[in-house]
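Quick note: to get the numbering used here, add 27 to the position in the sequence shown (first position is 1).
Beta carbons: idealized from backbone N, C-alpha and C, even for Gly.
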Amino acid sequence: MAKKIVLLIIRFIVGGLFIFSGLIKINDPIGTSIKLEEYFDVFSYDIAPFFSSLKTISLPLAVFLVVVEVVLGIMLILNYKPKFTTYALAIIILFFTFLTFYSAYFNKVTDCGCFGDAIKLTPWESFYKDVFLVILIAILLIFQNSLKANRKFWATGITVASVVIATSLSIYAIQNLPFIDFRAYKVGVNINTAMIPSTNLEYSYVMKKGGVEFVFDQYPTDDEYEFVEMNLKNPEALPKISDFSVWNEQGDFTDEILSKKRVLILISNISKMNHSNFDQMADLINNLKGTEVLVSMVSASSEDEIRALIDSLKWDVDYYMADATVVKTIIRSNPGLMVLKEGTILGKYHHNNTPNVSKVIDLFTAHGALSTSVSD
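What follows is the structure, given as C-alpha coordinates:
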(Lines of atoms letter the chains of each structure in order from A and count residues from 1; the text may use other names and numbers.)
(Lines give C-alpha, C1' and ligand atoms only; values in the text may rest on other atoms or scores of the structure.)
Protein backbone atom coordinates (compact mmCIF):
# COMPACT_ATOMS: atom_id res chain seq x y z
CA MET A 1 0.00 0.00 0.00
CA ALA A 2 2.80 2.41 0.92
CA LYS A 3 4.54 1.66 -2.39
CA LYS A 4 1.36 2.50 -4.34
CA ILE A 5 1.00 5.81 -2.53
CA VAL A 6 4.65 6.71 -3.18
CA LEU A 7 4.34 5.81 -6.87
CA LEU A 8 1.11 7.82 -7.10
CA ILE A 9 2.83 10.87 -5.59
CA ILE A 10 5.78 10.50 -7.95
CA ARG A 11 3.46 10.19 -10.94
CA PHE A 12 1.67 13.39 -10.00
CA ILE A 13 4.91 15.30 -9.34
CA VAL A 14 6.57 14.23 -12.60
CA GLY A 15 3.40 14.48 -14.66
CA GLY A 16 2.50 17.84 -13.15
CA LEU A 17 5.95 19.31 -13.85
CA PHE A 18 5.89 18.09 -17.46
CA ILE A 19 2.38 19.48 -18.01
CA PHE A 20 3.30 22.82 -16.45
CA SER A 21 6.53 23.08 -18.44
CA GLY A 22 4.75 22.13 -21.66
CA LEU A 23 1.87 24.56 -21.18
CA ILE A 24 4.27 27.43 -20.49
CA LYS A 25 6.04 26.65 -23.75
CA ILE A 26 2.82 26.05 -25.70
CA ASN A 27 2.09 29.66 -24.81
CA ASP A 28 5.17 30.64 -26.85
CA PRO A 29 6.39 27.92 -29.27
CA ILE A 30 8.42 30.46 -31.23
CA GLY A 31 10.38 31.27 -28.08
CA THR A 32 11.14 27.55 -27.69
CA SER A 33 12.26 27.34 -31.32
CA ILE A 34 14.59 30.32 -30.79
CA LYS A 35 16.10 28.52 -27.78
CA LEU A 36 16.58 25.36 -29.86
CA GLU A 37 18.35 27.42 -32.51
CA GLU A 38 20.75 28.68 -29.84
CA TYR A 39 21.58 25.10 -28.88
CA PHE A 40 21.98 24.05 -32.53
CA ASP A 41 24.37 26.96 -33.12
CA VAL A 42 26.50 25.95 -30.14
CA PHE A 43 26.46 22.25 -31.05
CA SER A 44 27.38 22.99 -34.67
CA TYR A 45 30.62 24.59 -33.45
CA ASP A 46 31.37 22.30 -30.51
CA ILE A 47 30.13 18.88 -31.66
CA ALA A 48 29.29 18.55 -35.37
CA PRO A 49 28.42 20.98 -38.20
CA PHE A 50 25.22 19.10 -39.14
CA PHE A 51 23.42 20.59 -36.09
CA SER A 52 23.26 23.88 -37.96
CA SER A 53 20.93 22.30 -40.55
CA LEU A 54 18.42 21.50 -37.78
CA LYS A 55 17.69 25.22 -37.39
CA THR A 56 15.41 24.99 -40.44
CA ILE A 57 13.06 22.64 -38.54
CA SER A 58 13.39 24.29 -35.14
CA LEU A 59 9.77 25.50 -35.07
CA PRO A 60 8.03 22.18 -35.92
CA LEU A 61 10.48 20.44 -33.57
CA ALA A 62 9.56 22.93 -30.82
CA VAL A 63 5.85 22.26 -31.34
CA PHE A 64 6.47 18.51 -31.23
CA LEU A 65 8.47 18.73 -28.00
CA VAL A 66 6.02 20.95 -26.11
CA VAL A 67 3.01 18.88 -27.17
CA VAL A 68 4.80 15.68 -26.16
CA GLU A 69 5.63 17.18 -22.75
CA VAL A 70 1.99 17.94 -22.02
CA VAL A 71 0.59 14.69 -23.41
CA LEU A 72 3.11 12.45 -21.63
CA GLY A 73 2.47 14.30 -18.39
CA ILE A 74 -1.27 13.69 -18.73
CA MET A 75 -0.70 10.04 -19.68
CA LEU A 76 1.48 9.51 -16.60
CA ILE A 77 -1.09 10.98 -14.24
CA LEU A 78 -3.84 8.89 -15.87
CA ASN A 79 -1.56 5.82 -15.78
CA TYR A 80 -2.37 5.36 -19.46
CA LYS A 81 0.14 3.05 -21.23
CA PRO A 82 2.54 3.38 -18.25
CA LYS A 83 5.40 1.36 -19.75
CA PHE A 84 5.52 3.42 -22.94
CA THR A 85 5.02 6.65 -20.99
CA THR A 86 7.80 6.08 -18.48
CA TYR A 87 10.31 5.05 -21.16
CA ALA A 88 9.37 8.05 -23.30
CA LEU A 89 9.72 10.38 -20.31
CA ALA A 90 13.09 8.82 -19.50
CA ILE A 91 14.38 9.52 -23.01
CA ILE A 92 13.12 13.12 -22.93
CA ILE A 93 14.49 13.90 -19.46
CA LEU A 94 17.89 12.43 -20.35
CA PHE A 95 17.92 14.67 -23.42
CA PHE A 96 16.99 17.73 -21.33
CA THR A 97 19.53 16.79 -18.65
CA PHE A 98 22.27 16.69 -21.28
CA LEU A 99 21.23 20.13 -22.54
CA THR A 100 21.12 21.70 -19.08
CA PHE A 101 24.44 20.12 -18.03
CA TYR A 102 26.06 21.35 -21.24
CA SER A 103 24.69 24.84 -20.60
CA ALA A 104 25.84 24.88 -16.98
CA TYR A 105 29.26 23.28 -17.34
CA PHE A 106 30.36 25.06 -20.52
CA ASN A 107 28.34 28.26 -19.87
CA LYS A 108 27.11 28.27 -23.46
CA VAL A 109 23.32 28.76 -23.34
CA THR A 110 22.74 30.50 -20.03
CA ASP A 111 18.95 30.08 -20.05
CA CYS A 112 17.63 26.66 -21.04
CA GLY A 113 14.07 27.94 -21.46
CA CYS A 114 12.74 25.02 -19.37
CA PHE A 115 9.77 27.12 -18.27
CA GLY A 116 9.86 29.62 -21.13
CA ASP A 117 10.03 33.24 -20.03
CA ALA A 118 7.71 32.65 -17.08
CA ILE A 119 10.29 31.26 -14.63
CA LYS A 120 13.97 31.98 -15.12
CA LEU A 121 16.37 29.34 -13.80
CA THR A 122 20.15 29.47 -13.76
CA PRO A 123 21.86 26.71 -15.78
CA TRP A 124 22.80 24.78 -12.64
CA GLU A 125 19.30 25.17 -11.18
CA SER A 126 17.90 23.73 -14.42
CA PHE A 127 20.36 20.85 -14.29
CA TYR A 128 19.54 20.00 -10.64
CA LYS A 129 15.83 20.11 -11.49
CA ASP A 130 16.41 17.62 -14.29
CA VAL A 131 18.52 15.35 -12.06
CA PHE A 132 15.64 15.34 -9.55
CA LEU A 133 13.26 14.27 -12.34
CA VAL A 134 15.72 11.61 -13.55
CA ILE A 135 15.68 10.06 -10.08
CA LEU A 136 11.88 10.07 -9.89
CA ILE A 137 11.47 8.63 -13.39
CA ALA A 138 14.09 5.98 -12.60
CA ILE A 139 11.96 4.90 -9.64
CA LEU A 140 8.94 4.60 -11.93
CA LEU A 141 10.97 2.49 -14.34
CA ILE A 142 12.15 0.18 -11.56
CA PHE A 143 8.61 -0.36 -10.28
CA GLN A 144 6.79 -0.12 -13.61
CA ASN A 145 5.26 -3.56 -13.07
CA SER A 146 3.39 -2.04 -10.14
CA LEU A 147 1.82 0.58 -12.42
CA LYS A 148 -1.44 -1.02 -13.50
CA ALA A 149 -2.45 0.35 -16.88
CA ASN A 150 -5.62 2.38 -17.14
CA ARG A 151 -7.41 0.84 -20.12
CA LYS A 152 -10.67 2.73 -19.74
CA PHE A 153 -12.11 4.45 -22.80
CA TRP A 154 -12.16 7.87 -21.13
CA ALA A 155 -8.38 7.69 -20.57
CA THR A 156 -7.88 7.16 -24.29
CA GLY A 157 -10.27 10.01 -25.04
CA ILE A 158 -8.48 12.42 -22.72
CA THR A 159 -5.10 11.49 -24.23
CA VAL A 160 -6.30 12.00 -27.80
CA ALA A 161 -8.03 15.25 -26.82
CA SER A 162 -4.84 16.52 -25.16
CA VAL A 163 -2.90 15.91 -28.37
CA VAL A 164 -5.44 17.84 -30.44
CA ILE A 165 -5.84 20.71 -27.96
CA ALA A 166 -2.11 21.12 -27.28
CA THR A 167 -1.28 21.10 -30.99
CA SER A 168 -4.10 23.55 -31.78
CA LEU A 169 -3.01 25.95 -29.03
CA SER A 170 0.59 25.83 -30.29
CA ILE A 171 -0.46 26.63 -33.85
CA TYR A 172 -2.75 29.43 -32.64
CA ALA A 173 0.09 30.98 -30.60
CA ILE A 174 2.36 30.85 -33.66
CA GLN A 175 -0.22 32.46 -35.94
CA ASN A 176 -1.02 35.17 -33.41
CA LEU A 177 1.03 36.10 -30.33
CA PRO A 178 1.58 34.33 -26.98
CA PHE A 179 -1.58 34.16 -24.87
CA ILE A 180 0.36 35.57 -21.91
CA ASP A 181 3.39 37.79 -22.43
CA PHE A 182 6.04 37.01 -19.81
CA ARG A 183 8.76 39.11 -21.43
CA ALA A 184 10.08 42.51 -20.38
CA TYR A 185 8.43 44.18 -23.39
CA LYS A 186 4.83 43.37 -22.51
CA VAL A 187 1.93 45.80 -23.01
CA GLY A 188 1.87 48.47 -20.31
CA VAL A 189 5.64 48.60 -19.80
CA ASN A 190 7.41 51.93 -20.22
CA ILE A 191 10.74 51.12 -21.87
CA ASN A 192 12.36 54.31 -20.58
CA THR A 193 11.53 53.39 -16.99
CA ALA A 194 12.42 49.72 -17.47
CA MET A 195 15.94 50.70 -18.56
CA ILE A 196 16.62 52.36 -15.19
CA PRO A 197 17.74 50.32 -12.12
CA SER A 198 15.01 50.11 -9.49
CA THR A 199 17.52 51.28 -6.88
CA ASN A 200 21.23 52.02 -6.66
CA LEU A 201 23.32 49.03 -7.64
CA GLU A 202 25.54 47.75 -4.83
CA TYR A 203 28.76 45.85 -5.38
CA SER A 204 31.18 43.85 -3.28
CA TYR A 205 34.87 43.70 -4.15
CA VAL A 206 36.93 40.55 -3.79
CA MET A 207 40.57 41.44 -3.18
CA LYS A 208 43.65 39.38 -2.45
CA LYS A 209 46.51 40.20 -0.09
CA GLY A 210 49.25 37.81 0.97
CA GLY A 211 47.47 34.92 -0.73
CA VAL A 212 44.30 35.52 1.32
CA GLU A 213 41.04 36.78 -0.21
CA PHE A 214 39.02 39.58 1.39
CA VAL A 215 35.59 40.95 0.55
CA PHE A 216 34.88 44.69 0.85
CA ASP A 217 31.75 46.75 0.34
CA GLN A 218 33.94 49.67 -0.75
CA TYR A 219 36.95 49.44 -3.01
CA PRO A 220 40.01 49.51 -0.71
CA THR A 221 42.52 52.30 -1.08
CA ASP A 222 45.43 50.15 0.11
CA ASP A 223 47.63 49.44 -2.93
CA GLU A 224 48.74 46.13 -1.42
CA TYR A 225 45.39 44.56 -2.26
CA GLU A 226 45.12 42.82 -5.63
CA PHE A 227 41.75 42.98 -7.39
CA VAL A 228 40.09 39.58 -8.00
CA GLU A 229 36.48 40.28 -8.98
CA MET A 230 33.48 42.53 -8.44
CA ASN A 231 30.07 41.04 -7.59
CA LEU A 232 26.64 42.64 -7.72
CA LYS A 233 24.96 42.40 -4.32
CA ASN A 234 21.42 43.30 -5.40
CA PRO A 235 20.83 41.80 -8.88
CA GLU A 236 17.07 42.27 -8.41
CA ALA A 237 17.68 46.00 -8.88
CA LEU A 238 19.06 45.57 -12.39
CA PRO A 239 17.06 47.21 -15.20
CA LYS A 240 14.34 44.95 -16.62
CA ILE A 241 15.45 46.10 -20.09
CA SER A 242 19.11 46.70 -20.83
CA ASP A 243 19.44 46.09 -24.55
CA PHE A 244 16.90 48.31 -26.33
CA SER A 245 18.66 50.50 -28.89
CA VAL A 246 17.85 51.68 -32.42
CA TRP A 247 20.09 53.46 -34.89
CA ASN A 248 20.79 54.20 -38.54
CA GLU A 249 23.63 55.78 -40.51
CA GLN A 250 22.89 59.15 -38.91
CA GLY A 251 23.44 57.92 -35.36
CA ASP A 252 21.56 56.62 -32.34
CA PHE A 253 17.81 57.32 -32.27
CA THR A 254 16.76 55.42 -29.15
CA ASP A 255 15.66 58.54 -27.26
CA GLU A 256 13.84 59.82 -30.33
CA ILE A 257 11.87 56.58 -30.72
CA LEU A 258 10.93 56.56 -27.03
CA SER A 259 9.79 60.18 -26.87
CA LYS A 260 6.95 60.32 -29.41
CA LYS A 261 3.80 58.53 -30.51
CA ARG A 262 4.91 55.73 -32.76
CA VAL A 263 3.87 52.61 -34.58
CA LEU A 264 6.95 50.44 -35.09
CA ILE A 265 6.98 47.81 -37.82
CA LEU A 266 9.41 45.27 -36.40
CA ILE A 267 11.28 42.85 -38.67
CA SER A 268 13.79 40.43 -37.17
CA ASN A 269 14.99 39.13 -40.53
CA ILE A 270 13.94 40.53 -43.90
CA SER A 271 14.98 37.41 -45.82
CA LYS A 272 12.73 35.22 -43.63
CA MET A 273 9.76 37.53 -43.09
CA ASN A 274 6.17 36.77 -44.05
CA HIS A 275 4.82 38.97 -46.88
CA SER A 276 1.15 38.09 -46.57
CA ASN A 277 -0.16 41.17 -44.73
CA PHE A 278 1.79 44.04 -46.23
CA ASP A 279 -1.37 45.48 -47.81
CA GLN A 280 -2.93 46.04 -44.37
CA MET A 281 0.30 47.62 -43.14
CA ALA A 282 0.38 49.91 -46.18
CA ASP A 283 -3.21 51.01 -45.44
CA LEU A 284 -2.25 51.76 -41.85
CA ILE A 285 0.77 53.80 -42.93
CA ASN A 286 -1.26 55.81 -45.43
CA ASN A 287 -4.16 56.42 -43.04
CA LEU A 288 -1.86 57.63 -40.26
CA LYS A 289 -0.41 60.37 -42.46
CA GLY A 290 -1.36 63.78 -41.15
CA THR A 291 -1.84 62.50 -37.58
CA GLU A 292 0.48 62.82 -34.61
CA VAL A 293 1.41 59.15 -34.90
CA LEU A 294 4.63 58.41 -36.77
CA VAL A 295 5.31 55.05 -38.41
CA SER A 296 8.85 53.67 -38.43
CA MET A 297 10.45 50.43 -39.53
CA VAL A 298 12.90 48.75 -37.16
CA SER A 299 14.80 45.78 -38.53
CA ALA A 300 17.76 43.60 -37.59
CA SER A 301 18.80 43.40 -41.24
CA SER A 302 21.36 45.55 -43.04
CA GLU A 303 20.64 49.11 -44.14
CA ASP A 304 20.80 48.08 -47.78
CA GLU A 305 18.18 45.39 -47.23
CA ILE A 306 15.93 47.77 -45.30
CA ARG A 307 16.15 50.51 -47.94
CA ALA A 308 15.52 47.99 -50.72
CA LEU A 309 12.43 46.71 -48.91
CA ILE A 310 11.01 50.19 -48.30
CA ASP A 311 11.65 51.15 -51.93
CA SER A 312 9.98 47.99 -53.24
CA LEU A 313 6.93 48.57 -51.04
CA LYS A 314 6.88 52.33 -51.73
CA TRP A 315 6.30 53.04 -48.04
CA ASP A 316 6.81 56.54 -46.70
CA VAL A 317 8.47 55.59 -43.41
CA ASP A 318 11.79 56.22 -41.74
CA TYR A 319 13.87 53.22 -40.74
CA TYR A 320 16.23 52.11 -38.01
CA MET A 321 18.29 49.07 -37.16
CA ALA A 322 18.24 47.02 -33.96
CA ASP A 323 19.70 43.83 -32.55
CA ALA A 324 17.97 40.66 -33.80
CA THR A 325 17.62 39.21 -30.30
CA VAL A 326 15.92 42.38 -29.09
CA VAL A 327 13.44 42.38 -31.98
CA LYS A 328 12.63 38.69 -31.45
CA THR A 329 12.18 39.34 -27.74
CA ILE A 330 9.83 42.26 -28.32
CA ILE A 331 7.55 40.46 -30.76
CA ARG A 332 7.10 36.83 -31.78
CA SER A 333 6.14 37.76 -35.31
CA ASN A 334 8.20 38.59 -38.39
CA PRO A 335 7.01 41.21 -39.18
CA GLY A 336 5.05 42.50 -36.20
CA LEU A 337 3.84 45.84 -34.93
CA MET A 338 4.26 47.71 -31.65
CA VAL A 339 2.38 50.86 -30.66
CA LEU A 340 4.34 53.26 -28.43
CA LYS A 341 3.35 56.38 -26.56
CA GLU A 342 6.49 58.10 -25.26
CA GLY A 343 8.10 54.75 -24.57
CA THR A 344 5.00 53.07 -23.10
CA ILE A 345 3.89 49.97 -24.99
CA LEU A 346 0.18 50.41 -25.77
CA GLY A 347 -0.22 47.41 -28.04
CA LYS A 348 1.59 44.62 -29.88
CA TYR A 349 0.25 42.86 -32.98
CA HIS A 350 1.12 39.84 -35.06
CA HIS A 351 1.14 40.68 -38.77
CA ASN A 352 -1.94 38.45 -39.10
CA ASN A 353 -3.74 40.86 -36.77
CA THR A 354 -2.49 44.15 -38.21
CA PRO A 355 -4.74 46.83 -36.68
CA ASN A 356 -6.62 49.40 -38.74
CA VAL A 357 -6.11 53.11 -38.18
CA SER A 358 -9.17 53.45 -35.95
CA LYS A 359 -7.87 50.83 -33.56
CA VAL A 360 -4.50 52.54 -33.31
CA ILE A 361 -6.02 55.99 -32.79
CA ASP A 362 -8.41 54.56 -30.19
CA LEU A 363 -5.44 53.12 -28.32
CA PHE A 364 -3.86 56.54 -28.02
CA THR A 365 -7.17 58.22 -27.22
CA ALA A 366 -7.85 55.73 -24.43
CA HIS A 367 -4.50 56.69 -22.86
CA GLY A 368 -5.14 60.40 -23.18
CA ALA A 369 -2.62 60.86 -25.95
CA LEU A 370 -5.04 62.03 -28.64
CA SER A 371 -8.24 63.99 -28.34
CA THR A 372 -10.10 62.64 -31.36
CA SER A 373 -10.57 59.34 -33.13
CA VAL A 374 -10.23 58.71 -36.84
CA SER A 375 -12.48 56.57 -39.02
CA ASP A 376 -11.15 54.26 -41.73
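Tell me whether residue i sits in a helix, a strand or coil according to DSSP, three-state version.
i: residue 114; result: helix
i: residue 404; result: This structure cannot settle anything about residue 404, because the visible part of the chain is limited to 28 through 403.
i: residue 363; result: strand
i: residue 381; result: coil
i: residue 339; result: helix
i: residue 371; result: strand
i: residue 308; result: helix
i: residue 231; result: strand
i: residue 387; result: helix
Going by DSSP, what residue range makes up the beta strand (DSSP E) through residue i?
i: residue 212; result: Neither: residue 212 is in no beta strand (DSSP E) and is coded neither H nor E.
i: residue 345; result: 345–348
i: residue 293; result: 288–294
i: residue 326; result: 321–326
Hey, how far is the Cα of residue i from the Cα of residue j?
i: residue 312; j: residue 126; result: 44 Å
i: residue 318; j: residue 210; result: 30 Å
i: residue 136; j: residue 296; result: 22 Å
i: residue 128; j: residue 58; result: 21 Å
i: residue 361; j: residue 37; result: 41 Å
i: residue 117; j: residue 109; result: 12 Å
i: residue 39; j: residue 193; result: 19 Å
i: residue 54; j: residue 359; result: 11 Å
i: residue 72; j: residue 81; result: 13 Å
i: residue 195; j: residue 372; result: 28 Å
i: residue 120; j: residue 190; result: 20 Å
i: residue 305; j: residue 327; result: 18 Å
i: residue 168; j: residue 105; result: 16 Å
i: residue 164; j: residue 41; result: 7 Å
i: residue 400; j: residue 367; result: With a pLDDT of 48 at residue 400, under the threshold of 50, the modelled position of this residue cannot be trusted; read the value that follows with caution. Their Cα atoms are separated by approximately 17 Å.
i: residue 111; j: residue 46; result: 17 Å
i: residue 204; j: residue 170; result: 42 Å
i: residue 322; j: residue 309; result: 11 Å
i: residue 298; j: residue 394; result: 36 Å
i: residue 7; j: residue 99; result: Nothing about residue 7 can be read from this structure; the chain reaches only from 28 to 403.
i: residue 44; j: residue 302; result: 38 Å
i: residue 62; j: residue 28; result: 43 Å
i: residue 333; j: residue 277; result: 15 Å
i: residue 289; j: residue 50; result: 33 Å
i: residue 347; j: residue 83; result: 27 Å
i: residue 103; j: residue 173; result: 13 Å
Can you tell me where the alpha helix (DSSP H) holding residue i begins and where it ends?
i: residue 357; result: 351–357
Is the closest heavy atom of the ligand FMN to the C-beta of residue i under 7 Å?
i: residue 133; result: The ligand FMN is not part of the structure shown, which contains no ligands of any sort.
Unbroken stretches of the alpha helix (DSSP H), 4 residues or longer, contained in the stretch 142–168:
none
Where are the beta strand (DSSP E) runs, 3 residues long or more, that stay fully inside the stretch 237–283, in chain order?
239–243 and 253–259
Flag this pair as touching only if the stretch 254–262 and the stretch 227–236 have three or more C-beta atom pairs under 8 Å; answer yes or no.
yes
Identify every run of the alpha helix (DSSP H) within the stretch 34–115, keeping only runs that are complete inside it and at least 4 residues long; order them along the chain.
56–73 and 85–105
Taking 8 Å as the cut-off, does the stretch 338–345 touch the stretch 169–189 (at least 3 CB pairs, one atom from each stretch)?
no
What residue ranges within the stretch 180–229 form continuous alpha helix (DSSP H) runs of no fewer than 4 residues, ordered along the chain?
180–202 and 218–221
For the stretch 370–390 and the stretch 66–79, state whether three or more C-beta atom pairs, one from each stretch, are separated by less than 8 Å.
no
Is there contact here, the stretch 83–103 with the stretch 235–247, by at least three beta-carbon pairs under 8 Å?
no
Count Cβ pairs between the stretch 277–286 and the stretch 244–254 that sit closer than 8 Å; are there 3 or more?
no
So, does the stretch 219–229 touch the stretch 60–71, judging by three or more C-beta pairs under 8 Å?
no
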